[in-house]
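A.B. asks:
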Amino acid sequence: MSSAVEVSKWKQLPPPPGFAAITTHSKASSKNVATTSASYEELKAKRAWDLAYSPAKSLPMQAFMLYMSGGGVQIFSMGIVFMLLSSPFKNLAAINNAFAAFAPASSSPKALSTLPLQKVVYLFCNLLTLALGLWKCRSMGLLPTGTGDWLAFETRGQPPETLLI
Numbered sequence: 018m019s020s021a022v023e024v025s026k027w028k029q030l031p032p033p034p035g036f037a038a039i040t041t042h043s044k045a046s047s048k049n050v051a052t053t054s055a056s057y058e059e060l061k062a063k064r065a066w067d068l069a070y071s072p073a074k075s076l077p078m079q080a081f082m083l084y085m086s087g088g089g090v091q092i093f094s095m096g097i098v099f100m101l102l103s104s105p106f107k108n109l110a111a112i113n114n115a116f117a118a119f120a121p122a123s124s125s126p127k128a129l130s131t132l133p134l135q136k137v138v139y140l141f142c143n144l145l146t147l148a149l150g151l152w153k154c155r156s157m158g159l160l161p162t163g164t165g166d167w168l169a170f171e172t173r174g175q176p177p178e179t180l181l182i
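Residue numbers (this note's numbering): 18 to 182.
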């Protein structure tokens with residue numbers, strides 16, 4: 018008997034703030050559908066921009082990993098540099114598939130012309146990742162940047178002849 022009294026006591030309380038009772042309508046107004054569709058498209062565009070900037074967001078972490086791997090040529094630092102150099106190529110090869118989920122309903126999901134600004138930003142951020150990897154290769158001495166690296170391709174000039182009589 019006491020549980021029935023407690024239930025009736027709780028039913029008289031007002032609903033909590035922010036609670037909306039679910040109401041079912043047999044007709045959905047076209048205005049609500051259009052608003053929902055527009056907000057969904059805005060959300061997809063925002064997520065596309067988030068994906069476009071995602072390679073740049075990981076640059077500080079990758080730079081710290083490169084710093085911690087050291088400047089020598091060891092297996093650990095080579096593995097990190099390899100992953101850093103290969104990831105932009107993998108990302109750019111699958112750029113249309115990455116942005117296909119965020120394509121507007123009015124365009125083809127895997128077309129190159131869909132979301133062009135986001136794709137250009139994505140390309141630029143991946144090029145920054147590639148530049149960071151190339152900088153690390155240069156600092157490790159793996160890129161031929163000095164004149165001594167190209168001595169095999171240089172030809173020697175004729176020595177000047179001197180006559181001592």
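Glycine included, every Cβ here is placed at the ideal spot set by N, Cα and C. Quantities reported herein were computed from a predicted structural model and do not represent experimental measurements.
Near V90, what residues of its chain come up, given a Cβ to Cβ distance below 8 Å and the 5 sequence neighbours on each side ignored?
C.D. replies: M157, G158, L159
A.B. asks: To which residues of the same chain is N143 closer than 7 Å at the C-beta, ignoring the five residues directly before and after it?
C.D. replies: When the five nearest sequence neighbours on each side are left out, the beta carbons in the same chain lying within less than 7 Å of the beta carbon of N143 are those of P72, P105, N108, L109, in order along the chain.
A.B. asks: May I ask which residues mark the beginning and end of the alpha helix (DSSP H) holding F106?
C.D. replies: Bounds of the alpha helix (DSSP H) holding F106 are 92–110.
A.B. asks: Does DSSP put Q175 in a helix, in a strand, or in coil?
C.D. replies: coil
A.B. asks: Among R155, N113, D67, which has the Cα closest to the Cα of L102?
C.D. replies: It is R155.
A.B. asks: Could you say which of K153, Q135, F141, M82 lies nearest to K63 if we only look at CA atoms?
C.D. replies: Among K153, Q135, F141, M82, the Cα nearest to that of K63 is on Q135.
A.B. asks: Classify K26 as buried or exposed, calling it buried when 16 or more other Cβ atoms lie within 10 Å of its own Cβ.
C.D. replies: exposed
A.B. asks: Between the beta-carbon of L192 and the beta-carbon of A80, is there less than 8 Å?
C.D. replies: Here the chain has residues from 18 to 182 only, and residue 192 is not among them.
A.B. asks: Looking at the secondary structure, which residues open and close the alpha helix (DSSP H) in which F141 lies?
C.D. replies: Where F141 is concerned, the enclosing alpha helix (DSSP H) stretches over 133–157.
A.B. asks: Name the two residues that bound the continuous alpha helix (DSSP H) containing P77.
C.D. replies: 76–86
A.B. asks: Just to confirm my understanding: we take L68, look at its own chain, exclude 5 residues before and 5 after, and list those with CB closer than 8 Å. What are they?
C.D. replies: Answer for L68: A115, F116, F119, Q135, Y139, listed in chain order.
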